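See below for the structure under consideration.
Residue numbers (this note's numbering): 45 to 175.
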């Protein structure tokens with residue numbers, strides 16, 4: 045499982061804040077800035093990018109937990125770089141520390157925990173949850 049993955053491995057993504065990333069509920073924009081929901085998605089995505097090259101054909105990663113602290117607003121058009129760093133490899137878990145930054149500084153901090161499971165195990169869990 046994840047042979048070769050080591051603590052300290054990093055991945056980055058760069059995004060530009062768009063209207064679809066605004067803080068909104070039920071289609072109504074509350075604040076025209078980068079939302080915590082969008083940040084959570086991007087933190088999970090950059091963390092997933094870390095594991096993708098290391099998964100065997102019969103394995104898949106699943107999000108198990110996300111801790112996030114939104115520290116600063118990022119307006120429309122702002123460029124944000126989200127960086128994930130592996131901080132712990134425990135059993136079948138990959139834990140990453142994630143930082144989101146724009147031109148003004150830190151926008152958010154987080155931790156993402158992914159669990160690596162066999163695809164057959166995941167299918168079994170889906171079936172059990174559906175009954």
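Each residue gets a CB set at the ideal place from its N, CA and C atoms; glycine is no exception.
All values derive from a computational prediction rather than experimental measurement.
- Going by beta carbons, residue 90 and residue 78 fall outside the 7 Å limit.
- Around the C-beta of residue 105, 16 or more other C-beta atoms lie within 10 Å, and the residue is accordingly described as buried.
- Secondary structure within the region 145-169: the beta strand (DSSP E) runs of 3 or more consecutive residues, fully enclosed, are 149-162 (chain order).
- Between the alpha carbons of residue 127 and residue 97 lies a gap of roughly 17 Å.
- For residue 73, the number of other beta carbons within 10 angstroms of its own is below 16, and it is reported as exposed.
- In this model, residue 101 and residue 167 are separated by some 15 Å (Cα to Cα).
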